[in-house]
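K.L.:
Top line first, the protein sequences correspond to chains Y and F.
With the working numbering as the guide, the letters of the first sequence map in order to residues 4 to 213.
With the working numbering as the guide, the letters of the second sequence map in order to residues 4 to 213.
Ideal Cβ placement from N, Cα and C applies to all residues, glycine included.
Note that the coordinates shown come from a computational prediction; the quantities given were computed from them, not determined experimentally.
Below: one structure in structure tokens.
Number of protein chains: 2
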Amino acid sequence: MDIIQALNWRYATKKMTGQIVPKQTIDKIIAAAHLAPSGIGLQPYEIIVVSNPEWKEKILPVAMNQAQVIQSSHLFVFAAWQNYSLERINKVFDYLNEQRNQPASASDAHRNFAISYFGKMTEEEQFHHAAKQANIALGLAVAAAALEQVDATPMEGFNALALDELLGLQEKSLRSSMLLAIGYRDEENDWNLKLKKIRKPLTELVTELA
Amino acid sequence: MDIIQALNWRYATKKMTGQIVPKQTIDKIIAAAHLAPSGIGLQPYEIIVVSNPEWKEKILPVAMNQAQVIQSSHLFVFAAWQNYSLERINKVFDYLNEQRNQPASASDAHRNFAISYFGKMTEEEQFHHAAKQANIALGLAVAAAALEQVDATPMEGFNALALDELLGLQEKSLRSSMLLAIGYRDEENDWNLKLKKIRKPLTELVTELA
Chain Y
4 MDIIQALNWR YATKKMTGQI VPKQTIDKII AAAHLAPSGI GLQPYEIIVV SNPEWKEKIL
64 PVAMNQAQVI QSSHLFVFAA WQNYSLERIN KVFDYLNEQR NQPASASDAH RNFAISYFGK
124 MTEEEQFHHA AKQANIALGL AVAAAALEQV DATPMEGFNA LALDELLGLQ EKSLRSSMLL
184 AIGYRDEEND WNLKLKKIRK PLTELVTELA
Chain F
4 MDIIQALNWR YATKKMTGQI VPKQTIDKII AAAHLAPSGI GLQPYEIIVV SNPEWKEKIL
64 PVAMNQAQVI QSSHLFVFAA WQNYSLERIN KVFDYLNEQR NQPASASDAH RNFAISYFGK
124 MTEEEQFHHA AKQANIALGL AVAAAALEQV DATPMEGFNA LALDELLGLQ EKSLRSSMLL
184 AIGYRDEEND WNLKLKKIRK PLTELVTELA
């Protein structure tokens with residue numbers, strides 16, 4: 004299926020059937036997120052994958068009782084780095100050098116740029132930066148899901164502090180940034196499926212510099 | 004082409020040939036971004052499309068002289084709303100009601116939620132929120148480009164204030180959030196094409212809650 008067709012097919016699914024998405028398809032959606040580009044290649048986020056109904060029940064009340072939390076097949080919690088610590092930056096470049104079988108000096112310019120770039124930011128700015136990168140990965144996951152005819156609803160209506168606490172994200176220096184409910188639309192009962200899809204006029208999205 | 008193959012094919016192109024991407028392909032990449040989901044459907048961003056070489060020359064020095072600015076076919080400047088003003092929020096819901104031929108009350112709950120949700124944020128937080136939404140659209144643009152075998156390099160090494168000034172974004176209450184260089188890789192001369200693609204191990208990206 005063409006990506007534009009797929010993205011027209013997708014919508015913010017509000018009611019899902021609870022049917023399970025095959026593991027192979029979940030793996031593909033995750034693979035797309037895994038291949039996402041990120042600033043200086045740091046991939047400053049993790050994805051907590053929730054398919055266990057007991058966990059979904061615990062998450063439901065901190066996610067404004069949004070039905071997709073429990074009606075999804077898999078709930079992805081995107082969690083961004085709370086900060087770009089020196090340890091984290093060094094780990095990325097040490098791994099890069101190892102994988103490319105190259106001396107440390109080969110990535111020194113990028114490493115030093117990263118340390119200097121993030122060093123000028125407050126921790127709050129660092130988190131916002133990381134969460135922005137996470138959303139590129141989320142975009143790729145949404146695209147991959149739509150191409151597989153699987154529904155994917157990004158959701159941010161949740162109590163981030165409570166969710167972080169529940170999932171123990173603070174101990175990992177992570178902060179939840181976005182939810183992505185993966186599953187199948189309940190065609191008969193989802194009121195949102197019946198509504199016309201609206202996007203602002205293209206002329207209000209795009210300006211071409213002459 | 005399969006999206007995973009496409010995303011494996013893509014990489015952060017550092018040298019481009021300057022060859023022009025057909026309009027139809029550019030339109031498709033933009034269509035993907037246009038269909039992106041966003042928080043409460045507000046689409047709080049615009050895309051400035053730069054293909055004029057004179058404009059690229061002006062942008063080059065404020066973008067750390069990154070060669071893709073001038074070697075790209077089209078440079079997309081993603082510009083996020085500086086704030087979620089009442090006017091902007093109202094415009095979205097007025098348009099929605101008009102397009103769906105429904106009374107104002109039909110979207111009141113969402114409208115009021117949006118006003119309350121963003122009303123609790125500082126203007127800086129509102130901008131970060133908007134820029135996060137813009138990155139979902141950027142992710143979809145990257146996916147669409149890869150599927151069309153067109154290179155797309157996200158770039159954030161630029162002086163945002165200077166770029167905003169140059170493009171007159173402040174007058175539109177926009178702030179540049181990300182660049183996306185669209186074009187074709189210079190296969191012979193791009194050092195980055197020859198390097199092994201590295202992503203952190205999948206086990207460090209994904210945690211499954213048992």
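Which of the three DSSP states is assigned to P47 (chain Y) in this structure?
P.N.:
The answer is coil: DSSP assigns P47 (chain Y) none of H, G, I, E or B.
K.L.:
Can you check whether the C-beta of A123 (chain Y) is within less than 9 angstroms of a C-beta belonging to chain F?
P.N.:
Before going on, a small fix: residue 123 (chain Y) reads as Lys here, not Ala. Closer than 9 angstroms: no.
K.L.:
If you draw a straight line from the alpha carbon of K203 (chain F) to that of A34 (chain F), how long is it in whole angstroms?
P.N.:
Looking at the two C-alpha atoms, the distance is approximately 31 angstroms.
K.L.:
Kindly give me the distance between the Cβ atoms of F96 (chain Y) and I50 (chain Y), rounded to whole angstroms, as I take these residues to be in contact under 8 angstroms.
P.N.:
That belief does not hold up - the Cβ atoms of F96 (chain Y) and I50 (chain Y) are roughly 22 angstroms apart, past 8 angstroms.
K.L.:
Can you tell me which residues form a DSSP beta bridge with T156 (chain F)?
P.N.:
DSSP output for T156 (chain F) lists F:A184 as bridge partner(s).
K.L.:
Going by other Cβ atoms of all chains shown within 10 Å of its Cβ, with 16 needed for buried, is W194 (chain Y) buried or exposed?
P.N.:
Flag for W194 (chain Y) reads exposed.
K.L.:
Please tell me whether L170 (chain Y) has its Cβ less than 9 angstroms away from any Cβ of chain C.
P.N.:
Looking at the structure shown, chain C is missing, and the protein chains on hand are Y and F.
K.L.:
Counting Cβ pairs, one atom from each stretch, are 3 or more of them under 8 angstroms apart for the region 113 to 121 of chain Y and the region 119 to 126 of chain F?
P.N.:
Judged by Cβ distances under 8 angstroms, the region 113 to 121 of chain Y makes no contact with the region 119 to 126 of chain F, as fewer than three pairs qualify.
K.L.:
In the DSSP assignment, the beta strand (DSSP E) including W58 (chain Y) goes from what residue to what residue?
P.N.:
Taken as a continuous stretch (DSSP letters only), W58 (chain Y) belongs to no beta strand (DSSP E), being part of the alpha helix (DSSP H) at 56 to 62.
K.L.:
Assuming G160 (chain Y) and T20 (chain Y) are in contact, meaning their beta carbons sit under 8 angstroms apart, how far apart are those beta carbons, in whole angstroms?
P.N.:
Not quite, the Cβ-Cβ distance comes to about 21 angstroms (not below 8 angstroms), so this is no contact.
K.L.:
Against chain Y, with Cβ distances strictly below 9 angstroms, would I185 (chain F) count as a contact?
P.N.:
Not one chain Y Cβ lies under 9 angstroms of I185 (chain F).
K.L.:
What residues from chain F crowd round V52 (chain Y), counting only those whose CB sits closer than 8 angstroms?
P.N.:
Here the neighbours are V209, T210, E211, L212.
K.L.:
List the endpoints of the continuous alpha helix (DSSP H) containing F214 (chain Y).
P.N.:
Outside the displayed range of chain Y (4 to 213) lies residue 214 (chain Y), so it cannot be described from this structure.
K.L.:
Identify, in the order they occur along the chain, each residue of the same chain with its Cβ nearer than 7 angstroms to the Cβ of Y14 (chain F), setting aside the five sequence neighbours on each side.
P.N.:
Cβ within range, chain order: N195, L196, K200.
K.L.:
What does a CB cutoff of less than 7 angstroms around M67 (chain F) pick up in its chain, not counting 5 residues either side in sequence?
P.N.:
If we look at M67 (chain F) and ignore the five residues flanking it on each side, its Cβ neighbours are G160, F161.
K.L.:
Let me know if A147 (chain F) comes out buried or exposed under the rule of 16 or more other beta-carbons within 10 Å of its beta-carbon.
P.N.:
By the neighbour-count rule (16 or more Cβ atoms within 10 Å), A147 (chain F) is buried.
K.L.:
Looking at chain Y, is there any beta carbon in it that lies within less than 9 angstroms of the beta carbon of M181 (chain F)?
P.N.:
With 9 angstroms as the cut-off, M181 (chain F) counts as an interface residue toward chain Y.
K.L.:
So N138 (chain Y) packs on N138 (chain F), CB below 8 angstroms; how close in whole Å?
P.N.:
Rounded, the Cβ-Cβ distance is 4 angstroms, consistent with contact.
K.L.:
So, are the CB atoms of A39 (chain Y) and F81 (chain Y) less than 9 angstroms apart?
P.N.:
Going by C-beta atoms, A39 (chain Y) is not nearer than 9 angstroms to F81 (chain Y).
K.L.:
Kindly indicate which three-state DSSP category E151 (chain Y) falls into: helix, strand or coil?
P.N.:
Here E151 (chain Y) sits in coil by DSSP.
K.L.:
Taking only beta-carbon atoms, is W84 (chain F) less than 9 angstroms away from chain Y?
P.N.:
It does not: the Cβ of W84 (chain F) has no partner Cβ on chain Y nearer than 9 angstroms.
K.L.:
With T210 (chain F) as the anchor, note down where its beta strand (DSSP E) starts and where it stops.
P.N.:
Element bounds for T210 (chain F): 209 to 212.
K.L.:
Quick check on L164 (chain F): does DSSP put it in helix, strand or coil?
P.N.:
The answer is helix: DSSP assigns L164 (chain F) an H, G or I state.
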